[in-house]
């Protein structure tokens with residue numbers, strides 16, 4: 172089986188997440204050919220693939236949503252030349268291109284299309300419903316199998332459930348430490364890496380943290396909020412207005428390595444999103460053996476059991492109560508962290524890709 176794997180995305184280029192997935196596919200002996208636009212999400216991703224001898228073809232403007240006919244022709248030639256029979260796409264633009272290719276090659280090649288559902292407009296109720304209908308219809312017509320990364324996402328597309336395979340994303344090998352490192356004992360050391368935009372709701376965390384500090388006279392706990400975005404300054408102003416600006420750190424945009432090092436300084440991963448198609452920050456905290464506190468979004472409902480692997484909450488008041496409870500019972504943080512660490516292997520890329528090869532490509 173020869174797989175054509177789209178490894179880039181709109182306005183991002185070669186993705187760090189898809190690079191990890193591609194490497195795992197290649198290392199397990201799959202005949203995979205990657206295509207990408209001419210950009211990189213992080214410097215050095217192409218070099219990383221080249222160092223492992225992963226075949227990668229750069230197609231200029233692949234991710235620019237332009238020159239549709241030209242790109243369709245280039246992909247058609249590539250598929251014929253490399254005897255491709257399975258194609259894995261990551262977004263609607265790529266699905267449209269490959270649908271065009273299938274019509275071009277209808278008498279020459281039978282192609283199987285796999286689509287990973289990474290996201291849709293889920294922070295607007297109206298746009299979310301419209302997106303679900305449009306994307307779902309396209310997948311019903313043009314995809315052979317659809318990968319959903321969690322049951323939360325699968326339930327949004329029930330009408331194509333017969334095509335859906337439930338398969339999580341993996342986490343970079345760098346996050347799999349050889350031994351569990353004891354978590355910090357100085358109160359609540361919390362982190363939520365996310366962009367500062369509508370739907371991420373960092374204000375809920377800041378308000379709940381301020382309420383906890385006030386009620387419990389907590390002088391040691393700290394909150395780290397990496398990321399950039401249009402609401403960053405508003406969140407800084409909020410922390411200042413609540414007199415906790417010295418208890419909240421805003422480190423800005425961070426590399427994956429920098430995020431990893433920040434996680435190691437924390438004992439709690441905290442998530443406040445309205446919606447997630449997966450929730451990378453949920454899983455990263457889980458894999459590193461941190462206590463996870465999250466809204467019931469993305470993968471959270473699949474892996475978080477209250478008091479055992481973390482806590483789910485819906486309101487600011489609920490979050491504040493959880494913070495106060497953990498502050499008074501610090502052993503619970505350590506115990507939950509150890510439990511999560513023991514369950515982490517389900518998110519190793521090797522484990523994920525073995526399931527991918529057995530189920531998705533069957």
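Residue numbers (the working numbering): 172 to 533. All C-beta atoms in this analysis are idealised placements derived from N, C-alpha and C, irrespective of residue type, glycine included.
Under the 8 Å Cβ criterion, the segment 341-350 counts as touching the segment 423-432, having at least three qualifying pairs. Residue 439 and residue 453 have their C-alpha atoms roughly 10 Å apart.
Listed in chain order, the non-local C-beta contacts of residue 484 below 7 Å within the same chain comprise 464, 466, 490 and 493, local neighbours out to five positions each way being set aside. Cα atoms of residue 396 and residue 407: separation of roughly 10 Å, rounded to the nearest angstrom. Only buried fits residue 362, as 16 or more other CB atoms lie within 10 angstroms of its CB. Between residue 180 and residue 261, the C-beta gap is smaller than 8 Å, which places the two residues in contact.
Closest in alpha carbon position to residue 388, among 359, 420 and 316, is 359.
Spanning the alpha carbons of residue 220 and residue 496 requires a straight line of approximately 46 Å. Using a C-beta cut-off of 8 Å, the segment 196-209 makes no contact with the segment 282-289, since fewer than three inter-stretch Cβ pairs fall below that distance. In the three-state reduction of the DSSP assignment, residue 202 falls in the strand class, which pools E and B. Residue 184 is a Cβ neighbour of residue 208, given a cutoff of 8 Å.
Around the beta-carbon of residue 237, fewer than 16 other beta-carbon atoms lie within 10 Å, marking it exposed. No residue range can be given for residue 466, since it is assigned to no alpha helix (DSSP H) and is classified by DSSP as neither H nor E.
Where residue 297 is concerned, the enclosing alpha helix (DSSP H) starts and stops at 296-313.
Burial state of residue 356 is exposed, judged by a 10 Å Cβ sphere holding fewer than 16 other Cβ atoms. The residue among 461, 516, 486 and 530 with its C-alpha nearest the C-alpha of residue 507 is 461. Within the DSSP bridge table, the entry for residue 207 names 229 as partners. Residue pairing for residue 477: DSSP places it in a beta bridge opposite 481. One thing to note: residue 230 has its Cβ within 8 Å of the Cβ of residue 242. When the Cα atoms are used, residue 488 and residue 377 turn out to be separated by approximately 12 Å. Looking from the CA of residue 354, the closest CA among 459, 478 and 390 belongs to 459. Between the beta-carbon of residue 233 and that of residue 217 there is about 14 Å, and that puts the pair past the 8 Å contact cut.
Collapsing the DSSP output to three states places residue 184 in a strand. Under a 10 Å Cβ-count criterion, residue 176 is classified as buried, with 16 or more other Cβ atoms of the shown protein chains found around its own Cβ. Assignment of beta-bridge partners to residue 283 by DSSP yields 257.
Residue 191 counts as buried, since at least 16 other C-beta atoms from the protein chains shown sit within 10 angstroms of its C-beta.
Residue 314 holds the alpha-carbon nearest to the alpha-carbon of residue 532 among 415, 277, 314 and 186.
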